[in-house]
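Mapping to this note's numbering: the sequence shown position 14 is 1249, numbers consecutive.
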Amino acid sequence: MTATPNIKLETPAAGISHDRDPASRSALDQAVSRSRDYHLSAQDKDGFWVAELESNSSITSEYVFFLHIMGIAAPE
């Protein structure tokens, strides 16, 4: 089995200009920059993010369906 290398986002995506004056940037540009900055600050040193997993009942339904299709007995 081939090991998958750790991938870590360290710099903004290529092709995005960050040289403009912040006052002239659109609201969308500012929102994207804030989102990028937040996610970079929240990223673990090994390149992943840790957070609580939240879901809805569809995840449970899909899991039960998967078990049924695979012929695996659902846990009690």
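Every residue gets a Cβ at the ideal spot worked out from N, C-alpha and C, and that includes glycine.
This structure is a prediction, so every number in the text was calculated from the model and none was measured.
Quiz item: Three-state secondary structure (DSSP) at Phe1283?
Solution: In the structure shown, Phe1283 sits in coil (DSSP, three-state: anything other than H, G, I, E or B).
Quiz item: If you run the structure through DSSP and keep just helix, strand and coil, what is Glu1297?
Solution: helix
Quiz item: Using the C-alpha atoms, what's the distance from Glu1289 back to His1303?
Solution: 23 Å
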